[in-house]
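J.: Quick note, our numbering runs 265 ahead of the 1-based positions in the sequence shown.
For every residue, glycine included, the Cβ atom is placed at its ideal position computed from N, Cα and C.
Okay, here's the structure, questions in a sec.
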Amino acid sequence: IKEALPYACAMEMIHTYSLIHDDLPAMDNDDYRRGRLSNHKKFGEATAILAGDGLLNKAFETGLEAAIKSGNLNGVKALKIIADSSGTEGMIGGQVIDMDGENIIRSLEDLKYMYSLKTGAIIKSSIKAGAVLAGAGQEETKALENYAEKIGLAFQIEDDILDVTGTQEKLGKAIGSDAVNNKITYLTFKSIDEARKDIEELTLEAVNSLTIFGGKARYLIELAKYLVGREN
Numbered sequence: 266i267k268e269a270l271p272y273a274c275a276m277e278m279i280h281t282y283s284l285i286h287d288d289l290p291a292m293d294n295d296d297y298r299r300g301r302l303s304n305h306k307k308f309g310e311a312t313a314i315l316a317g318d319g320l321l322n323k324a325f326e327t328g329l330e331a332a333i334k335s336g337n338l339n340g341v342k343a344l345k346i347i348a349d350s351s352g353t354e355g356m357i358g359g360q361v362i363d364m365d366g367e368n369i370i371r372s373l374e375d376l377k378y379m380y381s382l383k384t385g386a387i388i389k390s391s392i393k394a395g396a397v398l399a400g401a402g403q404e405e406t407k408a409l410e411n412y413a414e415k416i417g418l419a420f421q422i423e424d425d426i427l428d429v430t431g432t433q434e435k436l437g438k439a440i441g442s443d444a445v446n447n448k449i450t451y452l453t454f455k456s457i458d459e460a461r462k463d464i465e466e467l468t469l470e471a472v473n474s475l476t477i478f479g480g481k482a483r484y485l486i487e488l489a490k491y492l493v494g495r496e497n
């Protein structure tokens, strides 16, 4: 755990920077995040942009420092995984599609592809980077990747549902923002009941991916189940 901590911190910095930038007027234009004013509403747009930039750079500074200190090539490999998932082939690429979704997303498969980049890639890389740091084998890594893909999509579907059914008090941010911004979501193609059924199926598939780990997968199984009924 101690060896993996700097990389976990790096990933959290990247996640936080993405939320700060995602809330900006040029993106989703959200005034609240986690029950508080979003960064640009509290400190101004310029500071929010710079804060995000700073966190992105600090993330790789933190990870590289740990990799150099350990002298282990696995640390560099983990950072490469994180970089790939947060760049144009991952999170940023997904955000580009999301911003012009009306002109790009024509089907549920298109939407799933966008989600696999915008949300799924970050979740997948978090788990895969951890596997690399732990020295996991090819079969174990593949099982974890499959697990991550399933819970990544389940998480995003639940997010779409909560934007319609949730409350600002529980979510910590304004609800209905997808509709206000005319965004295409999972509920554009399926009903809430159908979407919830898909979440249950994805969760079951994710859990089944972990059978090779036996009791060691308990935390990941609980995490997958938590996503089914989360309220924020």
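By Cβ distance, which residues of its chain are closer than 6 Å to S213, with the 5 residues on each side in sequence left out?
T.: With the chain running from 266 to 497 in the structure shown, residue 213 is simply not present.
J.: Is L320 helix, strand or coil when you go by DSSP?
T.: If you number the sequence shown from 1, residue 320 lands on position 55. DSSP places L320 in helix when its eight states are reduced to three.
J.: Helix, strand or coil for L302 per DSSP?
T.: The residue given as residue 302 occupies position 37 in the sequence shown. Residue state, collapsed to three classes: strand.
J.: Please report how far the alpha carbon of V429 lies from the alpha carbon of G480, in whole angstroms.
T.: Residue 429 sits at position 164 when you count from the first residue of the sequence shown. Residue 480 sits at position 215 when you count from the first residue of the sequence shown. If you take the alpha carbons of V429 and G480, they lie about 36 Å apart.
J.: Assess contact between the region 313-320 and the region 459-473, defined as three or more Cβ pairs (one per stretch) separated by less than 8 Å. Is contact present?
T.: no
J.: Which one or two residues does DSSP pair with Y297 in a beta bridge?
T.: Numbered from its first residue, the sequence shown carries residue 297 at position 32. Its beta-bridge partners are L302.
J.: So what does DSSP say about T312, is it helix, strand or coil?
T.: The count along the sequence shown starts at 1 and reaches residue 312 at position 47. Reduced to three states, the DSSP call for T312 is helix.
J.: Contact between the region 408-420 and the region 358-374 is defined here as three or more beta-carbon pairs at a separation below 8 Å; is this criterion met?
T.: no
J.: Helix or strand or just coil, what does DSSP make of E496?
T.: Mapped onto the sequence shown, residue 496 falls at position 231. DSSP, reduced to helix, strand and coil, places E496 outside both helices and strands of the structure shown, so it counts as coil.
J.: Helix, strand or coil: which one does DSSP assign to M364?
T.: Indexing the sequence shown from 1 puts residue 364 at position 99. Helix at M364.
J.: List the endpoints of the continuous alpha helix (DSSP H) containing G417.
T.: Counting from 1 along the sequence shown, the entry for residue 417 is found at position 152. Following the DSSP letters along the chain, one finds G417 inside the alpha helix (DSSP H) bounded by residues Q403 to T430.
J.: Return the chain-ordered list of same chain residues with a C-beta closer than 7 Å to the C-beta of Y451, the five sequence neighbours on each side being excluded.
T.: Along the sequence shown, one-based indexing puts residue 451 at 186. Within the same chain, Y451 has close Cβ partners L376, I422, D425 and A460.
J.: How many Å lie between L469 and R298 at the Cα?
T.: By 1-based counting over the sequence shown, the position of residue 469 is 204. By 1-based counting over the sequence shown, the position of residue 298 is 33. Roughly 30 Å between the two C-alpha positions.
J.: Could you round the C-beta distance between Y484 and L398 to whole angstroms and report it? I think they count as a contact, below 8 Å.
T.: The residue labelled residue 484 in the question sits at position 219 within the sequence shown. The residue labelled residue 398 in the question sits at position 133 within the sequence shown. Actually they do not touch by this definition, with Cβ atoms about 16 Å apart.
J.: Considering only the beta carbon of each residue, do V472 and I457 sit closer than 9 Å?
T.: Here the question's residue 472 lines up with position 207 in the sequence shown. Here the question's residue 457 lines up with position 192 in the sequence shown. No, Cβ-Cβ distance for V472 and I457 is not below 9 Å.
J.: Given a cut-off of 9 Å, decide if A489 and A396 are closer than it, judged by their beta-carbon atoms.
T.: Position 131 of the sequence shown, counted from the start, is the residue given in the question as residue 396. Position 224 of the sequence shown, counted from the start, is the residue given in the question as residue 489. No, these two residues do not count as a Cβ contact at 9 Å.
J.: Looking at L320: is its Cβ nearer than 9 Å to the Cβ of Y380?
T.: The residue labelled residue 320 in the question sits at position 55 within the sequence shown. The residue labelled residue 380 in the question sits at position 115 within the sequence shown. It is not a contact, given that the beta carbons lie outside the stated cut-off.
J.: Which stretch, first to last residue, makes up the alpha helix (DSSP H) that contains G395?
T.: Along the sequence shown, read from residue 1 onward, the residue named residue 395 stands at position 130. That run of the alpha helix (DSSP H) goes A386 to L398.
J.: Since V341 and A332 are thought to touch, with beta carbons under 8 Å apart, how far apart are those beta carbons, to the nearest angstrom?
T.: Here residue 341 corresponds to residue number 76 of the sequence shown, with the count starting at 1. Here residue 332 corresponds to residue number 67 of the sequence shown, with the count starting at 1. The Cβ separation is near 5 Å, so the contact holds.
J.: If you follow the alpha helix (DSSP H) that N473 is in, where does it begin and where does it stop?
T.: Here the question's residue 473 lines up with position 208 in the sequence shown. Where N473 is concerned, the enclosing alpha helix (DSSP H) stretches over I457 to N473.
J.: Buried or exposed for E414, please, with buried defined as at least 16 other CB atoms from any protein chain shown within 10 angstroms of its CB.
T.: Your numbering for residue 414 matches position 149 in the sequence shown. That one is buried.
J.: Beta carbon of N497, beta carbon of G402: below 9 Å?
T.: As a position in the sequence shown, residue 497 is number 232, starting the count at 1. As a position in the sequence shown, residue 402 is number 137, starting the count at 1. No, these two residues do not count as a Cβ contact at 9 Å.
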